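Colleague: Encoded as structure tokens, here's the structure I'll be asking about.
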Amino acid sequence: WPNTVCWLYRQPYQSLAGFSGHYPLNKTFFAEMAFFVRKLNMKIHAKEQGSNKQMASKSCALSLVRQLYHLGAIEAYTGVAKKKTESKLEPYEFALPAEVVKDLSETINALNIETVHVPENAESMTEPFSLKVPRQLEEEQVVAQPVPGGVVPWSPPQQNWNPWTSCNIDEGPMATMTLRQISEDILNNYNKQVDHDPQLKKMLDERYQLPVYNSYDSILDAIHQSSVVIIRGATGCGKTTQVPQYILDSYINQGIGAECCIVVTQPRRISAVSVAE
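Residue 273 in the numbering used here is what sits at position 273 of the sequence shown, and the numbering runs on without skipping anything.
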């Protein structure tokens, strides 16, 4: 949508910029655009945000369209599409440098492209004619790249979305709950388990005895400040089983448990499943 607006007003295309929050998974995308409208003799500007690029782009486009409408640059949408014929298009004059014309001619000859002949009386002709090259070049044929199976695409934490299956959550309480509500529910359940589950208390005491627990704070600080963290320790110190749990506990205790997703990999599948569970 933003680039469509740019095309209508003959402005260069705009790009989207993503800025992350304090935590790596808490990412917000911003879409910003500004361009000059000749009809109004002024410059309009919009900046919107969203949980992904598409939402930010649509919000930015909506803001621009709303401004154009209230300023009288565009008409209200009536539901009826208007067809713009070739005869109503205003001519757009431009000049090409001689070097560009030469390069184009050499490229056309090198690729053996048969150009369309433009009649000398083209300006006085009432019927339009096509300038499209009659045959398609083999180089122009785009071959779709196969998508490997078993790939989980990354997505920022957002309401009513399952990142593991890449689809909406249609059933259950999480279908209508916000991320904040889910995080509060996870924290309340966790605190109840700690207070009333003797088996969980015993397991926590055993975890506190592992050598890796002495580096609890330094590990979390390194993870929050770095994109990649390598942890080396002796066999049995708890680095494999405890670090993912430390990350999850940290998010839960901060009230953002719904924003935490962890992927566990191991050389053997059964080991990865055990650690993840």
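Glycine included, each C-beta is placed from N, C-alpha and C at the ideal position.
Remember, it's a predicted structure, so these values are computed and weren't measured experimentally.
(1) Using a 10 Å radius around the Cβ and a threshold of 16 neighbouring Cβ atoms, would you call residue 208 buried or exposed?
(2) What residue range is occupied by the uninterrupted beta strand (DSSP E) comprising residue 45?
(3) Report yes if the CB atom of residue 31 is closer than 8 Å to the CB atom of residue 44, and no otherwise.
(4) Quick test of your reading: residue 257 and residue 187, contact by CB under 8 Å. State the CB separation rounded to the nearest angstrom.
(5) On the CB-based measure, 16 or more other CB atoms within 10 Å of its CB, does residue 29 come out buried or exposed?
(6) Can you tell me whether residue 96 is buried or exposed, with buried defined as 16 or more other CB within 10 angstroms of its CB?
(7) Go ahead and pull the three-state DSSP assignment for residue 55.
(8) With a CB to CB cut of under 6 Å and the five nearest residues on each side skipped, what residues in its chain are close to residue 190?
(9) Who are the Cβ neighbours of residue 210 in its own chain at under 7 Å, not counting the five residues just before and after it?
(10) State the DSSP-derived secondary structure class of residue 34, mapped to helix, strand or coil.
(11) What are the residues that DSSP puts in a beta bridge with residue 168?
(12) So, under 8 Å CB-CB, residue 220 and residue 250 are touching, yes? Tell me the CB distance rounded to an integer number of Å.
(13) Please classify residue 268: is it buried, with 16 or more other beta-carbons within 10 angstroms of its beta-carbon, or exposed?
(14) Apart from the five residues just before and just after residue 49, which ones in its own chain have a Cβ nearer than 6 Å to its Cβ?
(15) Which value, in whole angstroms, describes the spacing of the CA atoms of residue 233 and residue 64?
(16) Compute the Euclidean distance between the alpha carbons of residue 245 and residue 77, then round it to the nearest angstrom.
(17) Decide if residue 215 is buried, meaning its Cβ has at least 16 other Cβ atoms within 10 Å, or exposed.
(18) For residue 222, I'd like the list of residues in its chain whose CB is within less than 8 Å of its CB, leaving aside the five on either flank, ordered along the chain.
(19) Kindly give me the distance between the Cβ atoms of residue 255 and residue 171, rounded to whole angstroms, as I take these residues to be in contact under 8 Å.
(20) Could you round the C-beta distance between residue 156 and residue 51 to whole angstroms and report it? I think they count as a contact, below 8 Å.
(21) What are the complete alpha helix (DSSP H) segments, minimum 4 residues, inside the stretch 190-261?
(22) How is residue 120 classed by DSSP in three states: helix, strand or coil?
(23) Cutting at 6 Å between CB atoms, please list the residues of its own chain near residue 74, excluding the five before and the five after it.
(24) Helix, strand or coil for residue 39, going by three-state DSSP, please let me know.
(25) Would you kindly work out how many angstroms separate the C-alpha atoms of residue 108 and residue 116, rounded to a whole number?
(26) If you compare alpha carbons, which of 111, 261, 130 is closest to residue 153?
(27) For residue 240, which of 113, 98, 271, 39 has the nearest alpha-carbon?
Modeller: For this structure:
(1) Counted from its first residue, the sequence shown places residue 208 at position 208. Classification for residue 208: exposed.
(2) Position 45 of the sequence shown holds residue 45. That run of the beta strand (DSSP E) goes 42-50.
(3) On the sequence shown, residue 31 is found 31 positions in, with the first residue counted as 1. On the sequence shown, residue 44 is found 44 positions in, with the first residue counted as 1. No, the Cβ-Cβ distance between residue 31 and residue 44 is not below 8 Å.
(4) Mapped onto the sequence shown, residue 257 falls at position 257. Mapped onto the sequence shown, residue 187 falls at position 187. Rounded to whole angstroms, the Cβ separation of residue 257 and residue 187 is 6 Å, and the two are in contact under 8 Å.
(5) The sequence position of residue 29 within the sequence shown is 29, counting from 1. Its Cβ being crowded by 16 or more others within 10 Å, residue 29 is buried.
(6) One-based indexing of the sequence shown puts residue 96 at position 96. Residue 96 comes out exposed.
(7) Locating residue 55 in the sequence shown gives position 55, where the first residue counts as 1. Residue 55: helix per DSSP, three-state reduction.
(8) Locating residue 190 in the sequence shown gives position 190, counting from the first residue. Answer for residue 190: 252, listed in chain order.
(9) Walking along the sequence shown from the start, residue 210 turns up at place 210. Taken in chain order, the residues that qualify are 237, 238, 242.
(10) Locating residue 34 in the sequence shown gives position 34, where the first residue counts as 1. Residue state, collapsed to three classes: strand.
(11) Here residue 168 refers to the residue found at position 168 of the sequence shown. In the DSSP assignment, residue 168 is bridged to 161.
(12) On the sequence shown, residue 220 is found 220 positions in, with the first residue counted as 1. On the sequence shown, residue 250 is found 250 positions in, with the first residue counted as 1. Residue 220 to residue 250, Cβ: 5 Å. Contact.
(13) Locating residue 268 in the sequence shown gives position 268, where the first residue counts as 1. By the 10 Å Cβ count, residue 268 comes out exposed.
(14) For the purposes of this step, residue 49 is taken as the residue at position 49 of the sequence shown. So the list reads 28, 30, 56, once near-sequence residues are dropped.
(15) The residue labelled residue 233 in the question sits at position 233 within the sequence shown. The residue labelled residue 64 in the question sits at position 64 within the sequence shown. So the alpha carbons of these two residues sit roughly 55 Å apart.
(16) To locate residue 245, count along the sequence shown from 1; it is residue 245. To locate residue 77, count along the sequence shown from 1; it is residue 77. Roughly 53 Å separates the two Cα atoms.
(17) As a working mapping, residue 215 is identified with position 215 in the sequence shown. Its Cβ being crowded by 16 or more others within 10 Å, residue 215 is buried.
(18) Along the sequence shown, one-based indexing puts residue 222 at 222. Excluding positions up to five away in sequence, the list reads 229.
(19) Position 255 of the sequence shown holds residue 255. Position 171 of the sequence shown holds residue 171. Taking the Cβ atoms as the reference, residue 255 lies roughly 25 Å from residue 171, outside the contact range of under 8 Å.
(20) Here residue 156 corresponds to residue number 156 of the sequence shown, with the count starting at 1. Here residue 51 corresponds to residue number 51 of the sequence shown, with the count starting at 1. About 6 Å separates the two Cβ atoms, so the contact holds.
(21) 198-208, 216-225, 239-253
(22) The residue labelled residue 120 in the question sits at position 120 within the sequence shown. Coil, per DSSP.
(23) For the purposes of this step, residue 74 is taken as the residue at position 74 of the sequence shown. If we look at residue 74 and ignore the five residues flanking it on each side, its Cβ neighbours are 68.
(24) On the sequence shown, position 39 is the one that residue 39 refers to. Coil, per DSSP.
(25) Residue 108 sits at position 108 when you count from the first residue of the sequence shown. Residue 116 sits at position 116 when you count from the first residue of the sequence shown. Each residue's alpha carbon lies about 12 Å from the other.
(26) Position 153 of the sequence shown holds residue 153. Check the Cα spacing between residue 153 and each of 111, 261, 130: the tightest is with 261.
(27) Taking the first residue of the sequence shown as 1, we reach residue 240 at position 240. Looking at the Cα atoms, 271 is the closest of the given residues.
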